[in-house]
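Residue numbers (our numbering): 64 to 534.
Report on one structure; see the data block that follows.
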Amino acid sequence: MRALAAARLKAGWSELQSVFSRLIDVALIVLGAAVAMLLRPAGEGYSLGDGTFVAISVAFALLLFPLFGVYQSWRGRSKRRLVGHISLAWFVAQACAVALMFALHRTASVSRLWVACWVLNTGVALVASRFIVYTIRSRMRHAGYDLRTVGVTGIGAHCENVMAKIAASPASGFRVVASFISQPTTRLDISGISVCRDLKAFAVAIRAEKVPEVWVALPMSEEEALRDVLEEFSGDLVNIRFIPDVRSLAMFDGEMVELMGAPAINMVAPPLSGAALLQKAIFDRLFATFTLILIAPLMVAIAMAVKLSSRGPVFFRQTRKGADGKTFKIFKFRTMRAHIEKAGVVQQATRNDPRITPLGAFLRRTSLDELPQFLNVLRGEMSVVGPRPHATAHDDYYQKIVDGYIHRYRIKPGITGWAQVNGFRGETDRLEKMQGRVEYDMYYLRNWSLKLDIRIVIATFMKGMVHRNAY
64 MRALAAARLK AGWSELQSVF SRLIDVALIV LGAAVAMLLR PAGEGYSLGD
114 GTFVAISVAF ALLLFPLFGV YQSWRGRSKR RLVGHISLAW FVAQACAVAL
164 MFALHRTASV SRLWVACWVL NTGVALVASR FIVYTIRSRM RHAGYDLRTV
214 GVTGIGAHCE NVMAKIAASP ASGFRVVASF ISQPTTRLDI SGISVCRDLK
264 AFAVAIRAEK VPEVWVALPM SEEEALRDVL EEFSGDLVNI RFIPDVRSLA
314 MFDGEMVELM GAPAINMVAP PLSGAALLQK AIFDRLFATF TLILIAPLMV
364 AIAMAVKLSS RGPVFFRQTR KGADGKTFKI FKFRTMRAHI EKAGVVQQAT
414 RNDPRITPLG AFLRRTSLDE LPQFLNVLRG EMSVVGPRPH ATAHDDYYQK
464 IVDGYIHRYR IKPGITGWAQ VNGFRGETDR LEKMQGRVEY DMYYLRNWSL
514 KLDIRIVIAT FMKGMVHRNA Y
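Now the structure itself:
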């Protein structure tokens, strides 16, 4: 009965917090509209349409914010994703309000400047309010308040890793009070935890401490162990969460998604989300535009030198595979004398290759022959940073014998990459070289961030464009 009463009290408190959050959001939206009014041109009056617009926006916010999960508990979840949810929910609510105002023919008297300022300052206020609440709660949890006790059970290193993460994230508000780890690999030095020898003892500790939640950290193959836990707590009002170990199975992060109302784990899927791809595309286009403007005189000078140094075109164009295996023509300054290659055979450049012109050797050694690829970036065929593209004949060969090679096609190839700044450049005359390059590319795909892209660009310039393997 006590557990039931505590659960009801907790549910009532959560509902009260949700109502309070809604009231704060409504206040911020109305206050944001009022502040934006101060920026209107002098002498411009206020109309009934302004008030109608505010009321409609508030209504859409109250309707749509719950659908975007804004009022769900974000304990232990990504705060960056929360910011994305709030921002998207607010802009969608405003877009719906604008559409309805157009339908009602009430937009003629509404100031565009006021709407723009209102959307911006309210969006910032909504995000800032969450960060303030998060900061306050984090300090409370560090001080020992607003904690949620959990029990953790599982097998080996995966279960130990889950417990270590909880201990390293006190701001999340979770505290482990009991654990049972089968086949332990190390001794965790975490004070205040009842370490149990079997599942029965673990269940007794959970009931004695009145722990409301149990986390089960198991490999996907341990179905029987999961059933044992579920059976043991079948008569208790305990929430049970399953944290599967998919690291050995998933190519990238095993993200949980929903498909037609059913949960699904991405085992092999695009490593970058839609939002991440958008960030990367914006960075690529801006960086390529700025760079092409900056190096335009240098490219003109190189083009003239290539044309005058030997017979043939200025640019060398060759088919490469891009994102999702789609082919495109890559641009490079021509560094070899005109020659005919055998059909289906692409011979890599080697040291002292007689096909390379003296100017071409300099361009290759300094990587200046790669500069035209910024045109490919501007056309959306390549990225500034990504796995380096290879000739399609090499792709067809290596994807059959190098593990993970085909997954390099999941994003656009790059002018520079994580493998290149770590020394993997030039000829891949041994299988080990290509395997090493692919391993670095896979690390990049699993750990992508805009910060990592910028770091790679800086490393490319800091280490210099000249490399002993570039010939």
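Just so it is clear, CB atoms sit at the ideal spot from N, CA and C, and this is done for glycine as well.
Taking residue i as part of the beta strand (DSSP E), name the residues at either end of that continuous run.
i	result
residue 238	237-245
residue 448	446-448
residue 418	Looking at the DSSP string, residue 418 is not in any beta strand (DSSP E), and its letter there is neither H nor E.
residue 308	302-308
residue 276	276-282
Just the Cα atoms here: how many angstroms apart are residue i and residue j?
i	j	result
residue 156	residue 120	6 Å
residue 446	residue 168	44 Å
residue 541	residue 513	Residue 541 falls outside the range modelled here, since the chain spans only 64 to 534, and no answer is possible.
residue 309	residue 437	38 Å
residue 444	residue 525	26 Å
residue 222	residue 299	22 Å
residue 65	residue 80	With a pLDDT of 48 at residue 65, under the threshold of 50, the modelled position of this residue cannot be trusted; read the value that follows with caution. If I take the Cα positions, the gap works out to 22 Å.
residue 264	residue 301	16 Å
residue 225	residue 305	12 Å
residue 449	residue 471	9 Å
residue 393	residue 481	20 Å
residue 128	residue 152	6 Å
residue 518	residue 375	37 Å
residue 335	residue 473	9 Å
residue 498	residue 462	11 Å
residue 439	residue 382	12 Å
residue 523	residue 134	44 Å
residue 441	residue 197	40 Å
residue 89	residue 235	27 Å
residue 178	residue 500	51 Å
residue 451	residue 466	17 Å
residue 458	residue 504	14 Å
residue 74	residue 468	Summary for residue 74: the model assigns pLDDT 49, below 50, so the residue's position carries little reliability; its value from the coordinates is reported in the next sentence. The alpha-carbon atoms of residue 74 and residue 468 are separated by roughly 50 Å.
residue 273	residue 239	12 Å
residue 460	residue 389	17 Å
residue 69	residue 275	Reliability of the predicted coordinates at residue 69 is poor, the pLDDT of 48 falling under 50, and the value obtained from them is presented with this limitation in mind. If I take the Cα positions, the gap works out to 10 Å.
residue 346	residue 352	10 Å
residue 194	residue 203	14 Å
residue 479	residue 340	17 Å
residue 496	residue 506	16 Å
residue 123	residue 93	13 Å
residue 281	residue 454	43 Å
residue 502	residue 486	13 Å
residue 293	residue 165	54 Å
residue 355	residue 210	54 Å
residue 476	residue 484	15 Å
residue 143	residue 150	11 Å
residue 227	residue 516	29 Å
residue 241	residue 199	27 Å
residue 267	residue 260	11 Å
residue 357	residue 117	46 Å
The ligand COA and residue i: does the residue's C-beta get closer than 8 Å to at least one heavy atom of that ligand?
i	result
residue 84	Absence of the ligand COA is noted for the structure shown, with no ligands found whatsoever.
Would you mind giving the Cβ-Cβ distance between residue i and residue j, rounded to the nearest angstrom? I have them listed as a contact below 8 Å.
i	j	result
residue 258	residue 237	17 Å between Cβ atoms; not a contact.
residue 418	residue 397	Contact flag wrong, Cβ pair sits at about 11 Å.
residue 464	residue 494	7 Å
residue 262	residue 285	Not a contact, Cβ separation roughly 13 Å.
residue 384	residue 377	Not really, about 24 Å apart at Cβ, beyond 8 Å.
residue 85	residue 130	With 8 Å as the limit, residue 85 and residue 130 do not qualify as a contact, their Cβ atoms being about 13 Å apart.
residue 192	residue 91	6 Å
Tell me where the alpha helix (DSSP H) around residue i begins and ends.
i	result
residue 256	Element bounds for residue 256: n/a, residue is neither H nor E.
residue 294	286-295
residue 515	513-525
residue 457	455-461
residue 434	Unbroken run through residue 434: none, as it is neither H nor E.
residue 262	262-271
residue 229	219-231
(message) Which complete beta strand (DSSP E) runs does the stretch 327-398 hold, if anything under 3 residues is left out?
(response) The stretch 327-398 contains these whole beta strand (DSSP E) runs: 378-384, 390-396.
(message) Which complete alpha helix (DSSP H) runs does the stretch 149-212 hold, if anything under 4 residues is left out?
(response) Runs of alpha helix (DSSP H) with 4 or more residues, each lying fully within the stretch 149-212, are found at 175-205, listed in chain order.
(request) Count the C-beta pairs between the stretch 362-370 and the stretch 426-436 that are closer than 8 Å, then say yes if the count reaches three, no if not. (result) By the Cβ criterion, the stretch 362-370 is in contact with the stretch 426-436, since at least three pairs of Cβ atoms, one from each stretch, lie closer than 8 Å.
(message) As an exercise, report each continuous alpha helix (DSSP H) stretch of at least 4 residues that is fully enclosed by the stretch 469-495, in chain order.
(response) Listed in chain order, they are 481-484.
(message) For the structure I just gave you, are there three or more beta carbon pairs, one from the stretch 184-194 and one from the stretch 243-252, closer than 8 Å?
(response) Touching, no.
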